[in-house]
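In what follows, a single structure is set out as structure tokens and then discussed.
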Amino acid sequence: MEPQRELTMDVLLTTGYHRRPAHLVAEYRGFFAEEKLTVDYHLTTYAPDHNRGMAEGRWHISLSSPDTMIARMTTDGVDYRLFMQAEAGLDAVLVGRPGISSVERLRGQLLAGDPGDSNLDLIRRKILRTHGIAEDEYRVEIIGSSPPRLEAFLQGRVAAAMLTPPSSDKALAAGGVLLAQAEDYVPNWPLTGGWGLREWLEQHHELVVRFVRAWVKATDWLLQPEHREETIGLIMAKEGLNREGAEKSYRRVVPKARIDSAALRQVLELRREMGVYKPPYNPAERFYDIRYWCEATSLPPPPPAVV
Numbered sequence: 018m019e020p021q022r023e024l025t026m027d028v029l030l031t032t033g034y035h036r037r038p039a040h041l042v043a044e045y046r047g048f049f050a051e052e053k054l055t056v057d058y059h060l061t062t063y064a065p066d067h068n069r070g071m072a073e074g075r076w077h078i079s080l081s082s083p084d085t086m087i088a089r090m091t092t093d094g095v096d097y098r099l100f101m102q103a104e105a106g107l108d109a110v111l112v113g114r115p116g117i118s119s120v121e122r123l124r125g126q127l128l129a130g131d132p133g134d135s136n137l138d139l140i141r142r143k144i145l146r147t148h149g150i151a152e153d154e155y156r157v158e159i160i161g162s163s164p165p166r167l168e169a170f171l172q173g174r175v176a177a178a179m180l181t182p183p184s185s186d187k188a189l190a191a192g193g194v195l196l197a198q199a200e201d202y203v204p205n206w207p208l209t210g211g212w213g214l215r216e217w218l219e220q221h222h223e224l225v226v227r228f229v230r231a232w233v234k235a236t237d238w239l240l241q242p243e244h245r246e247e248t249i250g251l252i253m254a255k256e257g258l259n260r261e262g263a264e265k266s267y268r269r270v271v272p273k274a275r276i277d278s279a280a281l282r283q284v285l286e287l288r289r290e291m292g293v294y295k296p297p298y299n300p301a302e303r304f305y306d307i308r309y310w311c312e313a314t315s316l317p318p319p320p321p322a323v324v
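Residue numbers for the sequence shown follow our numbering, beginning at 18 and rising by one.
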């Protein structure tokens, strides 16, 4: 099965760390094509490059962590907005080198990181603080996404790394020690969203609506029980995940890409707790624009986060 494309299409430049299940389905089942869209996808492996490229307008949309967007808005002052949520939950783990038998053994060690103040690095901070280890009690080398972190791990350059499948599976198969499951520390994490520069989104309102509409059609299709096996097979074939990893990825799909404002508030609270979100503090609604989603779905907006 090959992606369906037409000659007279609007091109949307996107980036992220993995193609998500709904993205794959929208591409290979033709939902993007139905909306006259060609969605070019750039696989990023290094958060600083991703963040710089998004701020410069190199890509129109990032399909990555809303926490990354929030970090760049509140720390760097870049004017982004989230317009949909693609996935919820985490399948990330903290893996230690052989001989690192507990989180407490990471005190004084060098850990792999990317980019330092958001996403899996933020969750790593939470895990280590929960075990009584502050940021000044270990070192972090900014290496990149899971594949380059895995490479550094296998080379013995770092004592531990936060990893996602299939990198985490390879690290454990090589004798790595499972130290912590991210989901145990930050449940219901808004894993992936669609976001971009507010000005670009407003200038291309109709294009964004069509993208959301195609994505929502894909979630509707793949979440039908009769399409589950085909979707899992597509994830395995295109993203290199094993059956277990593909099933977990399938379960994280957010129906209709609906934004969970309460989960965004959880991100803001964690960032405050970890000391990487400084005043003034804003409500979760400050960080998303629901108009695109409402127009694409003809559904009412989700309720605001309860303070």
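Virtual Cβ for every residue (Gly too), placed ideally from N, Cα, C.
All values derive from a computational prediction rather than experimental measurement.
Beta bridge counterpart(s) of residue i as assigned by DSSP
| i | result |
| --- | --- |
| residue 179 | 111 |
| residue 129 | 158 |
| residue 54 | 27 |
| residue 213 | 98 |
| residue 60 | 33 |
| residue 80 | 33, 211 |
| residue 305 | 99 |
Cβ neighbour criterion (16 or more within 10 Å) applied to residue i
| i | result |
| --- | --- |
| residue 323 | exposed |
| residue 105 | buried |
| residue 99 | buried |
| residue 53 | exposed |
| residue 130 | buried |
| residue 82 | buried |
| residue 57 | exposed |
| residue 283 | buried |
| residue 93 | exposed |
| residue 28 | exposed |
| residue 44 | buried |
| residue 59 | exposed |
| residue 251 | buried |
| residue 23 | Any answer about residue 23 is weak, because its pLDDT of 47 lies below 50 and its placement is not dependable; what the coordinates show is given next. Its Cβ having fewer than 16 others within 10 Å, residue 23 is exposed. |
| residue 278 | buried |
| residue 315 | exposed |
| residue 149 | exposed |
| residue 222 | exposed |
| residue 74 | exposed |
Residue i in three-state terms, based on DSSP
| i | result |
| --- | --- |
| residue 253 | helix |
| residue 101 | strand |
| residue 194 | strand |
| residue 37 | coil |
| residue 185 | helix |
| residue 85 | helix |
| residue 270 | strand |
| residue 118 | coil |
| residue 150 | coil |
| residue 174 | coil |
| residue 135 | coil |
| residue 45 | helix |
| residue 144 | helix |
| residue 315 | coil |
| residue 292 | coil |
| residue 238 | helix |
| residue 322 | coil |
| residue 167 | helix |
| residue 201 | helix |
Cβ separation of residue i and residue j, assumed to be a contact under 8 Å, to the nearest whole Å
| i | j | result |
| --- | --- | --- |
| residue 96 | residue 214 | 6 Å |
| residue 274 | residue 71 | Contact flag wrong, Cβ pair sits at about 19 Å. |
| residue 117 | residue 176 | 6 Å |
| residue 120 | residue 39 | Contact flag wrong, Cβ pair sits at about 34 Å. |
| residue 412 | residue 63 | Limits of the chain in this structure are 18 at one end and 324 at the other, which puts residue 412 out of reach. |
| residue 110 | residue 199 | 7 Å |
| residue 293 | residue 134 | 5 Å |
request  = Please determine if the segment 165-185 and the segment 257-267 are in contact, where contact requires at least 3 C-beta pairs separated by less than 8 Å.
outcome  = yes
query = Should the segment 109-126 be regarded as contacting the segment 152-161, the criterion being three or more beta carbon pairs within less than 8 Å?
reply = yes
Any 3 or more C-beta pairs closer than 8 Å across the segment 105-114 and the segment 248-260 = no
inquiry  = I want to know whether the segment 25-36 touches the segment 61-81 - three or more CB-CB distances under 8 Å.
reply    = yes
message = Counting beta carbon pairs with one atom in the segment 82-91 and one in the segment 204-223, are three or more of them shorter than 8 Å?
response = yes
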